[in-house]
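Take 754 as the starting number for the sequence shown in my numbering and just add one per residue.
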Amino acid sequence: MQWLQFNQHALAVNIAVFAVSAVVVWIAGTRIAGYADAIAAKTGIGRAVVGLLLLGAITSLPEVAVTVTASAGGNASLAVNNVLGGVAMQVAILAIADAVIGRDALTSVIADPGVLLQGSLNVLLLALVIAATIVGEIAVFGIGVWAWSLLVFYLGSVWLISRSQGRRAWVAGNDKRDHAVADETPAQSTDRSLRSLIAKTFAAGSVILIAGFVLSKTGEAIADQSGLGQSFAGAVLVAISTSLPEVSTVLAAVWMRRYVMAVSNIFGTNLFDVALIFLIDAVYIGEPVLDHVGRFSTFAALLGIIVTTLFLVGLIERRNRTIARMGIDSFAVLTAYIGGLFVLYTLR
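See below:
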């Protein structure tokens, strides 16, 4: 449709549409966090699994729309860079959520082994992407071998994480505080049926899909009109646009003191997003997509590994030391991310 050709609109119009879409996505994402918590309470499913499967999948809908559209249109680099750039961006969201808490370091109040497992699997999945960009691809049924391995690894990760639920929380070192309590408090009572919650979650997810797609397309148009470049736009501006659902849901979960669900949302989203490279490859006409990306994508994946590992260190240490209202690990994540953006800008 004519109005979806955002490159034909003035820059001011695209900025206005971008802003309105951002508000819509923010509101829908906040609502979904509440629905997900209520669903976890009614079904007895752990909040880590809800964060991984429900929130992670729903908040990734804009990424699905953008990456499939870009790949089908022949822009493999934008599709892949949107995915890989979003990984580091979404971990940085956790650092922002840490500052929002303003009391304890976020990683000091999480004692769920499943979160560590999710983060570790994120690192391994990103390592496969880096290996693919270095070694090169071989097509099997029109899709690269490494892309197939990403899909298999993701499905195996979901299975492994789902089986890890219910394991006892740990207490690190001499830490005698009961940090698991904050995320184990019961959800607020609600008379809404499970069917009603699922329907409302589906409706909010549809809003996120549509508004998130418009958000990302206007972000892409703004990047073109402002001269930022496709690679940098995919890894930063479009990635930030499609990460707004994660921002709203994570902050909403933090305000509800559902810290495990908040972190599982991010780690689950990142697992899902990297696995999207398989879908990108499937709809792309030509050679495997990972053969069309270079140093920019490799460094974007490496940046994702760096910030995820920094957060994992904090989850293992669980030290309640803060800088500027956030944990030391969160401060390190933001520092690494900002520095990484500078490197990505030079590689665009």
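Each residue gets a CB set at the ideal place from its N, CA and C atoms; glycine is no exception.
On a predicted model such as this, the values are computed, not experimentally measured, just so you know.
#### Entry: Buried or exposed (CB count within 10 angstroms, at least 16 for buried), Q871
By the 16-neighbour rule on beta-carbons within 10 angstroms, Q871 is buried.
Legend entry - Straight-line Cα distance separating T1022 from E1040: If I take the Cα positions, the gap works out to 27 Å.
Buried or exposed for G867, going by 16 or more other Cβ atoms inside 10 Å? Taking all protein chains in view, the Cβ of G867 is crowded by 16 or more other Cβ atoms within 10 Å, so the residue is classified as buried.
Here's the rule: buried if 16 or more other CB atoms are within 10 angstroms of the residue's CB, otherwise exposed. What is A772?
So A772 ends up on the exposed side.
In this structure, does DSSP put A1077 in helix, strand or coil?
In the three-state scheme derived from DSSP, where H, G and I count as helix and E and B as strand, A1077 is classed as coil.
field: Paired residues, beta bridge with I1030 - DSSP
entry: I1030 is not bridged to any residue.
Can you list the alpha helix (DSSP H) stretches of 4 or more residues lying completely in the segment 767-854, in chain order?
-> Taking only runs of at least 4 residues, the alpha helix (DSSP H) segments lying wholly in the segment 767-854 are 814-825, 829-854.
ask   = Name the DSSP beta bridge partners of V893, please?
value = I896, per the DSSP bridge assignment.
Practice item. Can you tell me which of I1076, R1071, A1085 puts its alpha carbon nearest to the alpha carbon of S861? Key: In terms of CA proximity to S861, R1071 leads the group I1076, R1071, A1085.
Original post:
Are the beta-carbon atoms belonging to T812 and E999 less than 7 Å from one another?
Top reply: Between T812 and E999, the C-beta gap is smaller than 7 Å, which places the two residues in contact.
Item to complete: Kindly list the residues whose CB is nearer than 7 Å to the CB of S915, restricted to its own chain and excluding five residues on each side of it in sequence; keep chain order.
Response: The answer, listed in chain order, is V802.
Exercise for the section: Measure the CB-CB distance between L1043 and T886 and report whether it falls below 7 Å. Expected result: For the pair L1043 and T886, the CB atoms are nearer than the 7 Å cut-off.
query = Excluding the five sequence neighbours on either side, which residues of its own chain have a C-beta within less than 6 Å of the C-beta of G1057, listed in chain order?
reply = Counting only Cβ-Cβ distances below 6 Å, and skipping sequence neighbours, we find V840, A841, L879.
Fill in: Cβ separation of I951 and A781, assumed to be a contact under 8 Å, to the nearest whole Å
Actually they do not touch by this definition, with Cβ atoms about 15 Å apart.
inquiry  = On a Cα-Cα basis, can you pick out the residue from L903, N767, A775, A763 that is closest to S996?
reply    = Of L903, N767, A775, A763, the residue nearest in Cα terms is A775.
Tell whether a beta-carbon distance below 7 Å holds between L1055 and N875.
Not in contact: L1055 and N875 (Cβ atoms no closer than 7 Å).
Would G838 and A1053 qualify as a contact pair, given that the criterion is a beta-carbon distance under 7 Å?
Less than 7 Å divides the Cβ of G838 from the Cβ of A1053.
Neighbour-count burial assignment, L908, 16 or more Cβ in a 10 Å radius
By the 10 Å Cβ count, L908 comes out exposed.
*Could you work out which residue in T822, F1095, Q978 is closest to D1034 when comparing CA atoms only?*
Here the closest residue by C-alpha is T822.
Q: State the Cα-Cα distance for the pair D865 and A763, rounded to the nearest angstrom.
A: Separation of D865 and A763 (C-alpha to C-alpha, rounded to the nearest whole angstrom) is 49 Å.
Point to revise | Burial state of G826, where buried means 16 or more other Cβ atoms lie within 10 Å | key: With fewer than 16 Cβ atoms within 10 Å of its Cβ, G826 is classed as exposed.
Closest by CA to V817, which one among F955, I883, L1032? Comparing Cα-Cα distances from V817 to each of F955, I883, L1032, the minimum goes to L1032.
Any beta carbon of chain B sitting closer than 7 Å to that of M1009? Absent from the structure is chain B; it holds one protein chain and no more.
Practice item. Sort F1095, A791, V853 by Cα distance to A1077 and report the nearest one. Key: When only C-alpha atoms are compared, the closest one is V853.
Self-check item: CA-to-CA distance, Y788 to I1059, given in whole angstroms
Solution: Here the alpha carbon of I1059 sits roughly 32 Å from the alpha carbon of Y788.
* Asked: Can you give the beta carbon distance from S830 to Y1037, rounded, assuming they're within the 8 Å contact cut?
  -> Rounded to the nearest angstrom, the Cβ distance from S830 to Y1037 is 11 Å, too far for a contact under 8 Å.
Practice prompt. Count the other C-beta atoms from every protein chain shown that fall within 10 angstroms of the C-beta of Q843, then say buried if there are 16 or more, exposed otherwise.
Written response: Result: buried.
Could you work out which residue in D1026, L1065, F1095 is closest to V882 when comparing CA atoms only?
-> With distances taken between Cα atoms, V882 lies closest to D1026.
* To do: Could you please give the first and the last residue of the uninterrupted alpha helix (DSSP H) stretch that includes A957?
  => Per DSSP, A957 belongs to the alpha helix (DSSP H) from 947-979.
Please tell me whether A957 and R1074 are closer than 7 Å, where the distance is taken between their beta carbons. Taking 7 Å as the Cβ cut-off, A957 and R1074 do not qualify as a contacting pair.
If you compare alpha carbons, which of F955, S873, W899, W1008 is closest to V911? When only C-alpha atoms are compared, the closest one is S873.
Determine the direct distance from the alpha carbon of R948 to that of G1092, and round the result to whole angstroms. In a straight line, the C-alpha of G1092 is about 46 Å away from that of R948.
Worksheet item: In three-state terms, what does DSSP make of R916?
Response: Helix at R916.
Here's the rule: buried if 16 or more other CB atoms are within 10 angstroms of the residue's CB, otherwise exposed. What is N760? Counting Cβ neighbours within 10 Å, N760 comes out exposed, since fewer than 16 surround it.
| Which word fits F966, buried or exposed, when buried means at least 16 other C-beta atoms lie within 10 angstroms of its C-beta? | By the 10 Å Cβ count, F966 comes out buried.
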